[in-house]
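**Q** I have a structure here, written as structure tokens, and I will follow up with some questions on it.
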Amino acid sequence: MKKHLMRYGAACLFLGFLWQTGSMCLGEFVLPRPWDVLVFLVESLGEPAFWSHIAASVRRVLLALVLAWCTAFPLGLAMGYGRRLDAVLSPLVFLTYPLPKIVLLPLFLILFGLGDLPRVLLIALTVGYQILVVTRASAQALDQRYIDAFRTLYGTTAQMVRHVLVPAVLPDAITALRVASGTAVAVLFMAESFATQEGLGFLIMDAWGRNDQPEMFTGILAMSILGVVLYEGCNMLERRCCRWRLA
Amino acid sequence: MTDLPVSGITVRNISLAYPQGDVLRDLSFCVPPGETLAVVGPSGCGKSTLMSLLAGLRNADAGSISLTGKSGGPARTAFVMQDFGLFPWKTVERNLALPLELAGIPNDTIRHAVSAMLEELGLQGLGPRFPLSLSGGQRQRVAIGRALITDPEVLLLDEPFSSLDALTREHLQSGVLALWRKRRFTCVLVTHNIGEAVFLGGHVMALRGSPAKIVFWADNPSFASPEGRDAPAAAVLASRIRAALADGDSAE
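What follows is the structure, encoded as structure tokens:
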């Protein structure tokens, strides 16, 4: 853990150095100095308004990831294991997968109002595909030896899903979730930059509109930290659920 | 061997073909209850296919297989696969407990059974570890333990020692023989090692050819004898098997 934090610290120092160099080359008006942004971020942490932006973003992205996982993971398992279901659903999935879901934001705002729901649904829809496609592929690639070994123990199909399919597919699905967490933050920014007055995406675009560079970069920094926290959350989930991979 | 369980294996005229050709044709044999059969033959002759038929993992194209238990109904059967068949995401304890868990046995009973099995197989202290962190021999013992924990009437062993070094292999072969002496299950062992077949088979059957046919069958007078591997009869039987398999070569 200590080593892990030290590596993060070293990466932060390196990125800070690049940022500082960029700031010196481009000028503070385009790219404020990292130290100034850091100071502004610390000051912002004392303001309730800043926290309400953070809370809105965290709420939306977490709800979306949970919704995406709860829908896409079981569906991916069912499609990967059940050939008939896969034959019916896979053409639908692969026809709609390449569609950039973000373009549906206006439609979602019309259908679901201007609150959290359309933004959560849009993020969930985008990242759900990533989880679904990986989970399905992983379930299809499940080693037949595990299924045969389980069949010799006289378990039912439901027991096979619980004891073999889910744990075998989980590492790949968590990797998909990890990738999806990055995508989720990107889509969150887009979804919050439109028709809302809450969230880090709004904060960034609002500050940009006012030419308030330190505040804009504070929003960017906060959103990056949110991405890192989600990524680390996925790592923790993997360490907890897939302990055997560390053995 | 006066107090034998009434379970046994009867295989009648089974045949199986893959798209690329016949694997088994018109194979018949039986294993009396509480006795062991070693099936020996070269790699790719259909031994493991025969085992998967006995285990019910696939169906024969023709013929019948019956694994009869003490009650006269289907026998409680356990199968140890060539690659052990352990689930890497479950600890040793959870792997051992799984067959009982699937059968709906209460947790307390499972805990006792697992602990007794760990002791019987000399695996104390390894319960919380995952299979990937164990040696080949330890994994094999866990696989055998998982098979025996339900107290099966029929035990099927598909080349269970093939990936182990010679010393570990001999040690585990003796362990299996000791377990058989204690529990008297009906056992079929598939191997390509003639010495192993002679050591563990009360009857020895040699398969050869494509489709596989029985080229040799004999009762083993040296089986479970006090001299073990060094019994003179074992050497004689081994050379007869070797000759039968070589004849098969020349016949092909």
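If you're matching them up, the sequences are chains A and B in order.
Numbering of the first sequence is given in the numbering used here, commencing with residue 1 and proceeding in unit increments.
Numbering of the second sequence is given in the numbering used here, commencing with residue 1001 and proceeding in unit increments.
Backbone N, C-alpha and C fix where the C-beta goes; we use that ideal spot for every residue, glycine too.
What number of angstroms, rounded off, separates the C-alpha of residue 1044 of chain B from the C-alpha of residue 125 of chain A?
**A** Within the second sequence, numbered from 1, the residue matching residue 1044 of chain B stands at position 44. Within the first sequence, numbered from 1, the residue matching residue 125 of chain A stands at position 125. If you take the alpha carbons of residue 1044 of chain B and residue 125 of chain A, they lie about 49 angstroms apart.
**Q** Do residue 201 of chain A and residue 219 of chain A have their C-beta atoms closer together than 9 angstroms?
**A** Numbered from its first residue, the first sequence carries residue 201 of chain A at position 201. Numbered from its first residue, the first sequence carries residue 219 of chain A at position 219. Closer than 9 angstroms, so yes.
**Q** What ranges does the alpha helix (DSSP H) occupy inside the region 63 to 125 of chain A, keeping only unbroken runs of at least 4 residues that lie completely in it?
**A** As far as the region 63 to 125 of chain A is concerned, its whole alpha helix (DSSP H) runs of at least 4 residues are 83 to 96, 105 to 112.
**Q** Starting from the C-beta of residue 1058 of chain B, find all residues in its chain whose C-beta is less than 7 angstroms away, skip the five residues before and the five after it, and write them out in chain order.
**A** Here residue 1058 of chain B refers to the residue found at position 58 when the second sequence is read from its first residue. Cβ neighbours of residue 1058 of chain B beyond the five flanking positions: 1052.
**Q** Mind checking whether residue 1155 of chain B and residue 1138 of chain B have CB atoms under 9 angstroms apart?
**A** Along the second sequence, one-based indexing puts residue 1155 of chain B at 155. Along the second sequence, one-based indexing puts residue 1138 of chain B at 138. Result no, Cβ atoms of residue 1155 of chain B and residue 1138 of chain B do not sit closer than 9 angstroms.
**Q** Count the CB pairs spanning the region 1224 to 1231 of chain B and the region 1069 to 1079 of chain B that are closer than 8 angstroms, and state whether there are at least three.
**A** Touching, no.
**Q** Helix, strand or coil for residue 1011 of chain B? Go by DSSP, reduced to three states.
**A** Mapped onto the second sequence, residue 1011 of chain B falls at position 11. Reduced to three states, the DSSP call for residue 1011 of chain B is strand.
**Q** Consult DSSP for residue 1163 of chain B and reduce its assignment to one of helix, strand or coil.
**A** Here residue 1163 of chain B is taken as the residue at index 163 of the second sequence, counted from 1. Correct three-state label for residue 1163 of chain B: coil.
**Q** Whole-angstrom Cβ separation of residue 1113 of chain B and residue 1149 of chain B, contact assumed at under 8 angstroms?
**A** Looking up residue 1113 of chain B in the second sequence gives position 113. Looking up residue 1149 of chain B in the second sequence gives position 149. Right, the Cβ-Cβ distance comes to about 6 angstroms (below 8 angstroms), so this counts as a contact.
**Q** Is there a Cβ of chain B sitting closer than 9 angstroms to that of residue 152 of chain A, yes or no?
**A** Locating residue 152 of chain A in the first sequence gives position 152, counting from the first residue. At least one chain B Cβ lies under 9 angstroms of residue 152 of chain A.
**Q** Just curious, the beta strand (DSSP E) that residue 1208 of chain B is in, first and last residue?
**A** Within the second sequence, the letter at position 208 stands for residue 1208 of chain B. Start and end: 1203 to 1208.
**Q** Over what stretch of residues does the beta strand (DSSP E) that includes residue 1190 of chain B continue unbroken?
**A** Here the question's residue 1190 of chain B lines up with position 190 in the second sequence. That run of the beta strand (DSSP E) goes 1186 to 1191.
**Q** Starting from residue 1036 of chain B, trace the beta strand (DSSP E) both ways and give me its first and last residue.
**A** Counting from one through the second sequence, the residue named residue 1036 of chain B turns up at place 36. That run of the beta strand (DSSP E) goes 1036 to 1040.
**Q** So the candidates are B:1038, B:1023, B:1170; which of them puts its Cα closest to the Cα of residue 1205 of chain B?
**A** Within the second sequence, residue 1205 of chain B is the residue found at index 205, counting from 1. Taking only the C-alpha atoms, the option nearest residue 1205 of chain B is B:1038.
**Q** Measuring only between beta-carbons, confirm whether residue 1085 of chain B sits less than 9 angstroms from chain A.
**A** Walking along the second sequence from the start, residue 1085 of chain B turns up at place 85. By this cut-off, residue 1085 of chain B is an interface position.
**Q** List the residues of chain B that residue 239 of chain A touches, going by C-beta distances under 9 angstroms, in chain order.
**A** Counting from one through the first sequence, the residue named residue 239 of chain A turns up at place 239. Simply none; closest approach about 14 angstroms.
**Q** Can you give me the C-alpha to C-alpha distance between residue 63 of chain A and residue 1169 of chain B, rounded to a whole angstrom?
**A** The count along the first sequence starts at 1 and reaches residue 63 of chain A at position 63. The count along the second sequence starts at 1 and reaches residue 1169 of chain B at position 169. Rounded to whole angstroms, residue 63 of chain A to residue 1169 of chain B spans 54 angstroms at the Cα level.
**Q** Taking C-beta to C-beta, are residue 1135 of chain B and residue 1082 of chain B nearer than 9 angstroms?
**A** To locate residue 1135 of chain B, count along the second sequence from 1; it is residue 135. To locate residue 1082 of chain B, count along the second sequence from 1; it is residue 82. Against a cut-off of 9 angstroms, the Cβ pair of residue 1082 of chain B and residue 1135 of chain B comes out as no contact.
**Q** So that I know if they touch, is there some Cβ in chain A lying closer than 9 angstroms to that of residue 1019 of chain B?
**A** By one-based count along the second sequence, residue 1019 of chain B stands at place 19. For residue 1019 of chain B, the answer is no, since every Cβ of chain A falls outside 9 angstroms of its Cβ.
**Q** If you follow the beta strand (DSSP E) that residue 1028 of chain B is in, where does it begin and where does it stop?
**A** Mapped onto the second sequence, residue 1028 of chain B falls at position 28. Here the beta strand (DSSP E) through residue 1028 of chain B covers 1021 to 1031.
**Q** So, residue 1180 of chain B versus residue 1203 of chain B, is the Cβ gap smaller than 9 angstroms?
**A** Indexing the second sequence from 1 puts residue 1180 of chain B at position 180. Indexing the second sequence from 1 puts residue 1203 of chain B at position 203. No, Cβ-Cβ distance for residue 1180 of chain B and residue 1203 of chain B is not below 9 angstroms.
**Q** Under 9 angstroms between C-beta atoms, does residue 118 of chain A make it to chain B?
**A** What you label residue 118 of chain A is simply residue 118 of the first sequence in a count that begins at 1. For residue 118 of chain A, the answer is no, since every Cβ of chain B falls outside 9 angstroms of its Cβ.
**Q** Kindly indicate the opening and closing residues of the beta strand (DSSP E) around residue 1135 of chain B.
**A** Translated into the one-based positions of the second sequence, residue 1135 of chain B becomes position 135. Here residue 1135 of chain B belongs to no beta strand (DSSP E), and DSSP marks it neither H nor E.
**Q** Output yes if chain A places a C-beta closer than 9 angstroms to the C-beta of residue 1130 of chain B; else output no.
**A** In the second sequence, the residue the question calls residue 1130 of chain B occupies position 130. Judged by the 9 angstroms Cβ criterion, residue 1130 of chain B is in contact with chain A.
**Q** Around the C-beta of residue 1021 of chain B, are 16 or more other C-beta atoms found within 10 angstroms, so that it is buried, or is it exposed?
**A** Here residue 1021 of chain B refers to the residue found at position 21 of the second sequence. That one is exposed.
**Q** Please decide whether residue 1077 of chain B counts as near chain A, where near means a Cβ-Cβ distance under 9 angstroms.
**A** Your numbering for residue 1077 of chain B matches position 77 in the second sequence. At least one chain A Cβ lies under 9 angstroms of residue 1077 of chain B.
**Q** To the nearest angstrom, report how far apart residue 36 of chain A and residue 1130 of chain B are at their CA atoms.
**A** Walking along the first sequence from the start, residue 36 of chain A turns up at place 36. Walking along the second sequence from the start, residue 1130 of chain B turns up at place 130. Near 50 angstroms, if we compare the C-alpha coordinates of residue 1130 of chain B and residue 36 of chain A.
**Q** For the region 176 to 209 of chain A, list the alpha helix (DSSP H) runs that are entirely contained and at least 4 residues long, ordered along the chain.
**A** Counting only runs of 4 or more, we get 200 to 209.
**Q** Compute the beta-carbon to beta-carbon distance between residue 177 of chain A and residue 131 of chain A, rounded to the nearest angstrom, for a pair I have assumed lies under 8 angstroms.
**A** Along the first sequence, read from residue 1 onward, the residue named residue 177 of chain A stands at position 177. Along the first sequence, read from residue 1 onward, the residue named residue 131 of chain A stands at position 131. With 8 angstroms as the limit, residue 177 of chain A and residue 131 of chain A qualify as a contact, their Cβ atoms being about 6 angstroms apart.
**Q** So if I threshold CB-CB distances at 7 angstroms, which residues from the region 1095 to 1106 of chain B count as touching chain A?
**A** So the close ones are 1098, 1099, 1102.
**Q** Once you ignore the five residues that flank residue 195 of chain A on each side, which residues in its own chain have a CB closer than 6 angstroms to its CB?
**A** On the first sequence, residue 195 of chain A is found 195 positions in, with the first residue counted as 1. Contacts found: 109, 114.
**Q** Can you check whether the C-beta of residue 1002 of chain B is within less than 9 angstroms of a C-beta belonging to chain A?
**A** In the second sequence, counting from the first residue as 1, residue 1002 of chain B sits at position 2. With a pLDDT of 41 at residue 1002 of chain B, under the threshold of 50, the modelled position of that residue is not reliable, and no figure is offered here.
**Q** Within 10 angstroms of its Cβ, does residue 1089 of chain B collect 16 or more other Cβ (buried), or is it exposed?
**A** One-based indexing of the second sequence puts residue 1089 of chain B at position 89. Buried, since its Cβ has 16 or more Cβ neighbours within 10 Å.
**Q** Quick check on the DSSP output: what are the complete beta strand (DSSP E) runs of length 3 or more inside the region 1085 to 1165 of chain B, in order along the chain?
**A** Qualifying beta strand (DSSP E) stretches, in chain order: 1154 to 1158.
**Q** Tell me which residues share the same chain as residue 214 of chain A and place their Cβ nearer than 7 angstroms to its Cβ, disregarding the 5 neighbours each side in the sequence.
**A** Stepping through the first sequence from its first residue, residue 214 of chain A is reached at position 214. So the list reads 32, 36, 37, 40, once near-sequence residues are dropped.
**Q** Along the chain, where does the alpha helix (DSSP H) that runs through residue 26 of chain A open and close?
**A** To locate residue 26 of chain A, count along the first sequence from 1; it is residue 26. Residues 2 to 26.
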